[in-house]
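Student: For what it's worth, our numbering labels the leading residue of the sequence shown as 4, then goes sequentially.
All C-beta atoms in this analysis are idealised placements derived from N, C-alpha and C, irrespective of residue type, glycine included.
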Amino acid sequence: RNHTKMSGVLRAAAPLARRLNAVPKGPVTQATRGMASDPNAPPKVAYPWLDPGNPANWKEEHVVFTILGGWGLVIFGAKQAFS
4 RNHTKMSGVL
14 RAAAPLARRL
24 NAVPKGPVTQ
34 ATRGMASDPN
44 APPKVAYPWL
54 DPGNPANWKE
64 EHVVFTILGG
74 WGLVIFGAKQ
84 AFS
């Protein structure tokens, strides 16, 4: 009895399986890495204090941390000045 129920389920799922395993008929596009860094770009420094005078060589997250820290100093200084 279970055998006939299972075969019915498998027969019903067969068209879905064929669609999922189908090979696309159009041109195959190569996956691009949109967020990957430029392979020809100069290397970034591991730590900002190794090259503090050249922020262009810092990693992006170091720039973000520096900007956030600067804003923190501005807000803290303004709070101290006006209270």
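1. Could you check what DSSP says for Asn43 in three-state terms: helix, strand or coil?
2. Tell me the DSSP secondary structure of Ser86 in three-state form.
3. If you draw a straight line from the C-alpha of Arg20 to the C-alpha of Pro42, how long is it?
4. Shortest alpha-carbon distance to Lys62 belongs to which of Val48, Phe79 and Ile70?
Tutor: So, to answer that:
1. coil
2. In this structure, Ser86 counts as coil in the three-state DSSP scheme.
3. This sequence places Ala at residue 20; Arg is not what is there. So the two alpha carbons sit approximately 40 Å from each other.
4. Taking the Cα of Lys62 as reference, the smallest distance to any Cα among Val48, Phe79 and Ile70 is reached at Val48.
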